[in-house]
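Peer 1: Mind having a look at this structure? Questions to follow.
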Amino acid sequence: MTDKKNNIWLKIVAAIVFTASAMMFAFSMVGVVAASEKGLSSRDVTSVRKEIYDERAMSCSIDILSDIADNGSLDRRYDCAPALSYAILESDIKLDKDDLLEGRYDASMVIEGSVDKNAIAGVVCGMEGWRYYNYTRNNPLLISYCSVELPDQTTDYDCSLVLMSDRGTQYYVVYSIDYNAAEGTVFAACDKVARYISWCDANGAGMMVISGILSIVTFVALMYLAKNTISFGNKIPYAILLTLLGGVEAACILCIVGAFDGYVSFNSILLISLAAVGLGASFFLWFSMNTVTRFKARAFMRNTLLYYMCIPARAFLKNLNENTSLVVKAVIFSAVVGVIQLLGLAVVASEFSAGLFLFVIYKAIEVAVIIWFALQFNRVKEGMSLVASGNTDATIDTTHMLPAFKSHAHDIANVSEGINKAVEERMKSERMKTELITNVSHDIKTPLTSIINYVDLMEKHGTDDPKMQEYLEVLDRQSERLKKLIEDLIEASKASSGAIEMNIEPVNVSVLLSQAAGEFEEKLKKKELIPVVTVPEEEQTIKADGRYLWRVIDNLMSNICKYTMPNTRVYIDLITKGDTSEISFKNISASELNISAEELTERFVRGDKSRNTEGSGLGLSIAKSLTEHMGGTMDIHIDGDLFKVTLTFPKV
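Counting with my numbering, you get residues 29 to 680 for the letters of the sequence shown.
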């Protein structure tokens, strides 16, 4: 709460400083500009005052001449206190003389002699300096004036000569100013203006710099302190705010102009001008803080006229985008592009000077848009390729993307998310299945070990009852089978979870296959199977774990013995292909294989669906897992009753 109050007071102080700085800046700038326009390089108040007095007295003289033109014939001497003006006939001054001093002397003599003659004056215009005397004489419609001091006048008086012409008659107007008699007249205000301009000429530039810096610093600070929450003032439509700003600033300008044009004192002019500048600066500051607050609150467009105009257009485009097929959108877009191109060609054909240039600009924009479309499409395509390659965590940046591409990118992201969820569920299921198998296997293995031990003890003690011996043999055989199943379950669990430490080393696979053939020779004969082993003469060495590779071969040979049709051949081949060695096992199934190769490698799946043969459905699953953990691959091919397994390992 305290920080909020401190911010309010800080804003108030900064606003006061900004307004005062703006007023000082305007006060100094007007004086500097006025001094620059009048060409006043002197900073002496007296010299500045003299310039202003002369200008004002000249204006009075022109007004007098206008009266002469309106009334036709008047006395040539008039009081415009403290200015005295005279009209002098050209014939009274020797204009044909080249010596300007003699012309001025003639003018002074005419004034002192008070020659009683009438004058008729017309349009008056001015031209600075007696240096234009000869040009004026040849062009009598121009007027030349300058300040001169008459020989018989004191230094308190100043005189100027003005040449006039109308109806072919030429005149001089001479005016003099008494500075001491100016108090209480318009020249008194001129004196204050002179002091103001002289001060600004001397100090205005420095004050402008200081006040300008203060204004900028306080303005930036106030914009930083502007709140970021919307209040009632920030909900006013922005168009109304702009209108108010223009109205207030225009009113301030009119007040300043009216003060200078009205018949008010210099102090009043200054007061009105500063008040108008202060009001304009304050309103501009409030307007700026209001605008910054809208931007900070991300609500600038919400209260603009353009926003209200775009609402129906946005709703129409949204409806068009959601309820229109991509083909229709493409047709509409192509039609719009075609119309624009036809208009461009028409402009070029009309020989419009900038037509070709505009058409080139349009084509450049068209190429940029096409490139933009292509970049967005490529972004979506790359994201889809990543997902298709298995990187389901890949994301597509949809920043500044068109709705059609953005929708497609979101669909791809949803597909990736769906795949991740499915994979996660599958992994979770596999983990639960593995944990269940492991736990159950361990729980079964303990009592099974006791059963096997007691069966062994009973066999050692022996019995004379044939039936009892038969029962013990069955019990021994089935307990061993159950033990093998449990071991397979545990090994399958370890293989699928990757909890097996592999010792990859060079393995002579030629010798290993020969040993396997010898190991299973009796079993194959018992099943009436003929093994055909083809091994190259040169020894083949692969990278694998010898212990687990033997387990893989053992599982495959056991399956051959269990499921192969009797009186058929079994082919075991070792083939070298480039940097790899392939071990293939081929046999003819005794039962119909109406199952895919992928299903056969799943756990507890058997080709013999009647389950009349021995086996647990774990052999191929264990073999596949162990092969992959050793860095190899296992492929199964089924062609009718032909069953083929191929193991591929890298050569050493």
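Yeah, the Cβ is synthetic: ideal placement off N, Cα and C, and Gly gets one too.
#1: Within 10 Å of its beta-carbon, does Leu282 have 16 or more other beta-carbons around it, so buried, or fewer, so exposed?
#2: I think Ala325 touches Ile258, with their Cβ atoms under 8 angstroms apart; what is that distance to the nearest whole Å?
#3: For Ser119, I'd like the list of residues in its chain whose CB is within less than 6 angstroms of its CB, leaving aside the five on either flank, ordered along the chain.
#4: Restricting to Cα atoms, I'd like to know which of Gly574, Arg597, Lys553, Arg579 is closest to Val561.
#5: Please classify His438 as buried or exposed, where buried requires at least 16 neighbouring CB atoms within 10 angstroms.
#6: Look up Leu602 in the DSSP assignment and give the residues it is bridged to.
#7: Is it true that the region 268-279 meets the region 235-246, where meeting means three or more beta-carbon pairs spaced less than 8 angstroms apart?
#8: If I measure Cβ to Cβ from Leu414 and keep anything under 6 angstroms in the same chain, skipping five residues before and after, which residues do I get?
#9: What are the boundary residues of the alpha helix (DSSP H) that Met662 is part of?
#10: Distance check for Val41 and Val305, CA to CA, integer angstroms please.
#11: Find out if the Cβ-Cβ distance for the pair Thr655, Asp663 is shorter than 7 angstroms.
#12: Helix, strand or coil, according to DSSP, for Met57 in the structure here?
#13: Considering only residues of the same chain and omitting the five flanking positions on each side of Leu621, which have a CB-CB separation below 8 angstroms?
#14: Report the start-end ranges of each beta strand (DSSP E) in the region 489-554 that is 3 residues or longer and not cut off at the edges.
#15: Using only alpha-carbon positions, find the residue among Pro678, Lys614, Asp607 that is nearest to Tyr599.
#16: If you reduce the DSSP assignment to three classes, tell me which class Ala325 lands in.
#17: Would you tell me roughly how many angstroms separate the C-alpha atoms of Ala249 and Ile44, rounded to the nearest one?
#18: For Ile479, which option in Gln506, Met496, Ser301 has the closest C-alpha, if you only look at C-alpha atoms?
#19: Starting from the C-beta of Ile368, find all residues in its chain whose C-beta is less than 8 angstroms away, skip the five residues before and the five after it, and write them out in chain order.
#20: With DSSP run on the structure shown, which of helix, strand or coil describes Ile300?
#21: Looking only at its own chain, which residues have a Cβ that is under 7 angstroms from the Cβ of Lys571, when we skip the five neighbours before and after it?
#22: Once you ignore the five residues that flank Asn448 on each side, which residues in its own chain have a CB closer than 8 angstroms to its CB?
#23: On the DSSP bridge list, what partners appear for Leu670?
#24: Look at the alpha carbon of Tyr106 and the alpha carbon of Val285, and state the distance between them as a whole number of angstroms.
#25: Please report the straight-line C-alpha distance between Ile603 and Glu410, rounded to a whole angstrom.
#26: Starting from Ala651, trace the alpha helix (DSSP H) in both directions and tell me its first and last residue.
#27: Go to Val680, then tell me how far its beta strand (DSSP E) extends in each direction, as first and last residue.
#28: Does the CB of Leu621 have a neighbour CB from chain C at under 7 angstroms?
Peer 2: A quick look at the data gives this:
#1: Burial call: exposed.
#2: Rounded, the Cβ-Cβ distance is 5 angstroms, consistent with contact.
#3: Unreliable placement is indicated for Ser119, whose pLDDT of 46 sits below 50; the coordinate value is still reported in the next sentence. The beta carbon of Ser119 is closer than 6 angstroms to none in its chain, skipping five residues each way along the sequence.
#4: Taking only the C-alpha atoms, the option nearest Val561 is Arg597.
#5: His438 comes out exposed.
#6: For Leu602, DSSP records a beta bridge to Ile611.
#7: Judged by Cβ distances under 8 angstroms, the region 268-279 makes no contact with the region 235-246, as fewer than three pairs qualify.
#8: Counting only Cβ-Cβ distances below 6 angstroms, and skipping sequence neighbours, we find Ala422.
#9: Per DSSP, Met662 belongs to no alpha helix (DSSP H); it is in the beta strand (DSSP E), 661-667.
#10: About 18 angstroms.
#11: No, they are not a contact pair.
#12: Looking at Met57 - three-state DSSP - the assignment turns out to be helix.
#13: Hits under 8 angstroms: Gly635, Ile666, Gly668, Asp669, Phe671.
#14: For the beta strand (DSSP E) assignment, the uninterrupted runs of no fewer than 3 residues enclosed by the region 489-554 are, from N- to C-terminal side, 533-536.
#15: Among Pro678, Lys614, Asp607, the Cα nearest to that of Tyr599 belongs to Lys614.
#16: Taken through DSSP and simplified to helix, strand or coil, Ala325 comes out as coil.
#17: Cα to Cα, the separation comes out at about 13 angstroms.
#18: Of Gln506, Met496, Ser301, the residue nearest in Cα terms is Gln506.
#19: Result list for Ile368: Tyr390, in chain order.
#20: In the structure shown, Ile300 adopts helical secondary structure according to DSSP, grouped into three states.
#21: Its chain contains Ile532, Pro534, Gly659, Phe677, Pro678, Val680 as the residues whose beta carbon lies nearer than 7 angstroms to that of Lys571, once the 5 sequence neighbours on both sides are disregarded; these appear in chain order.
#22: Excluding residues within five positions, the ones whose Cβ falls inside 8 angstroms are Thr420, Asp421.
#23: Beta-bridge annotation (DSSP): Leu670 is paired with Ile616, Asp667.
#24: The predicted model places Tyr106 with a pLDDT of 36, which falls under 50 and marks its position as unreliable; any figure quoted below should be read in that light. Between Tyr106 and Val285, the C-alpha separation is close to 31 angstroms.
#25: Rounded to the nearest angstrom, the two C-alpha atoms are 39 angstroms apart.
#26: Boundaries of the alpha helix (DSSP H) harbouring Ala651: 647-657, taken from the DSSP string.
#27: Per DSSP, Val680 lies in no beta strand (DSSP E) and is assigned neither H nor E.
#28: Within the model displayed, chain C is absent; a lone protein chain is all it includes.
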